[in-house]
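Participant: The opening residue of the sequence shown carries number 22 in this note's numbering; numbering runs sequentially from there.
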Amino acid sequence: MNNQILNEFKPEYLETLVHETPYFLFSKNKIASNYKEYTKYFPTASIQYAMKANSEPELLQVLNKAGSGFEVASEYELEYLKKLHIDPKKIVYGSSIKPIKSIKKFVAYGVDRFAFDSLPELEKIAAVAPGARVYVRMTANDSGSVYKFSEKFGTEIDNVVSLLIRARELGLKPYGISFHVGSQASNELAWGNALKRLAPVLKELQQSDITIDIINIGGGYPCEYLSNIEMPTLEAISKHVYT
């Protein structure tokens with residue numbers, strides 16, 4: 022266990038907590054300071070908290086107050102945000118494979134940003150969310166990560182331009198490109214390397230008169246769960262992102 026986290030709570034406080042079962046104990050101050058650390062090292066980024074990590078309402082309220090947006094992967098997660106009256110403009114539907122009925126519920130709440138990684142998914146979005154902003158998820162090198170996602174999600178980089186062109190033809194807004202280097206990524210170069218691969222793609226998009234608004238660089242930012250395993254810091258990662 023990371024002792025830095027445990028030191029946030031005084032022993033006398035912990036002794037007052039009586040529970041018959043195991044429980045999670047969160048520090049609202051630590052959550053807020055963690056968010057500020059992201060904004061410090063990624064000053065031009067719009068931070069979107071992935072709700073699959075933890076959807077505890079009080080945690081979500083802390084992040085919302087701090088200015089965070091939210092990346093949602095299901096109707097279930099959306100319901101939490103609706104109960105908290107989170108502005109739909111702060112929400113993105115980040116799952117690249119979605120049921121039509123779920124897309125409709127997001128649209129009904131006012132969400133207009135959707136991920137996709139295939140033509141059938143793109144056509145599905147166009148049918149029930151006309152005019153929506155869409156971003157295509159591509160594969161990335163996640164060989165240095167504990168949990169890998171490119172085997173399950175994302176299209177090959179060679180398909181990115183044609184899919185965004187098709188999005189425009191379907192009346193959608195080609196909003197951006199997304200990638201994920203995997204969870205607990207141990208290589209601080211992973212994000213920067215993925216961005217470098219995009220340079221010719223962006224040039225090709227410009228030649229097709231398409232200018233995207235965002236590049237979603239995903240998650241994967243590592244946490245030192247064990248003190249004897251060193252992981253790259255946000256500062257180190259950001260230097261490669263902004264180089």
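The beta carbon of each residue, even a glycine, is placed where N, CA and C say it ideally should be.
Could you check the C-alpha separation between Ser-88 and Ile-52 for me, to the nearest Å?
Facilitator: In the sequence under discussion, the amino acid at residue 88 is Gly, which differs from the Ser named in the question. Straight-line Cα distance between these residues: approximately 12 Å.
Participant: For Ser-76, which of Glu-190, Tyr-130, Glu-92 and Ile-233 has the nearest alpha-carbon?
Facilitator: Glu-92
Participant: Which residues mark the beginning and the end of the alpha helix (DSSP H) in which Ser-67 is found?
Facilitator: Here Ser-67 belongs to no alpha helix (DSSP H), and DSSP marks it neither H nor E.
Participant: What would DSSP say about Ala-136, mapped onto helix, strand or coil?
Facilitator: strand
Participant: Around the C-beta of Leu-81, are 16 or more other C-beta atoms found within 10 angstroms, so that it is buried, or is it exposed?
Facilitator: buried
Participant: Helix or strand or just coil, what does DSSP make of Pro-32?
Facilitator: helix
Participant: Using a Cβ-Cβ cutoff of less than 8 Å, which residues in the same chain neighbour Asp-234 once the five nearest sequence positions on both sides are dropped?
Facilitator: Arg-154, Tyr-196 and Gly-197
Participant: Where do the ends of the beta strand (DSSP E) carrying Glu-209 lie?
Facilitator: Glu-209 -> no beta strand (DSSP E), and no H or E assigned at all.
Participant: Are the segment 127-135 and the segment 108-118 touching, with three or more C-beta to C-beta distances below 8 Å?
Facilitator: yes
Participant: Once DSSP output is grouped into helix, strand and coil, what is the label at Ala-147?
Facilitator: helix
Participant: Please check the pair Gly-213 and His-261, which I expect to be a contact at CB under 8 Å, by giving their CB distance rounded to whole angstroms.
Facilitator: 3 Å
Participant: What number of angstroms, rounded off, separates the C-alpha of Leu-210 from the C-alpha of Ile-258?
Facilitator: 7 Å
Participant: Compute the distance between the beta-carbons of Ser-95 and Ser-117, then report whether it is under 9 Å.
Facilitator: no
Participant: Hey, quick one: how far does the alpha helix (DSSP H) through Val-271 stretch, first residue to last?
Facilitator: The question about residue 271 has no answer, for the chain in this structure spans 22 to 264.
Participant: Three-state secondary structure (DSSP) at Val-157?
Facilitator: strand
Participant: Are the beta-carbon atoms of Ile-124 and Ile-146 separated by less than 9 Å?
Facilitator: yes
Participant: So Phe-200 packs on Arg-158, CB below 8 Å; how close in whole Å?
Facilitator: 7 Å
Participant: Distance check for Tyr-101 and Glu-251, CA to CA, integer angstroms please.
Facilitator: 35 Å
Participant: Counting only the same chain and skipping the five closest in sequence on each side, list residues whose C-beta sits under 7 Å from that of Gly-181.
Facilitator: The residue asked about is misnamed: residue 181 is Val in this sequence, not Gly. So the list reads Val-157, Met-159, Ile-198 and Val-222, once near-sequence residues are dropped.
Participant: With Leu-191 and Leu-143 assumed to form a contact (beta carbons below 8 Å), what rounded beta-carbon distance in angstroms separates them?
Facilitator: 7 Å
Participant: Taking the alpha helix (DSSP H) that Lys-260 belongs to, which residues open and close that run?
Facilitator: Per DSSP, Lys-260 belongs to the alpha helix (DSSP H) from 255-262.
Participant: Quick one: what does DSSP say Ile-198 is sitting in, helix, strand or coil?
Facilitator: Strand at Ile-198.
Participant: For Leu-105 and Asn-85, which I take to be in contact (beta-carbon distance under 8 Å), what is that distance rounded to the nearest angstrom?
Facilitator: 7 Å
Participant: So the beta strand (DSSP E) Glu-92 belongs to, where does it begin and stop?
Facilitator: DSSP places Glu-92 inside the beta strand (DSSP E), whose first and last residues are 90-93.
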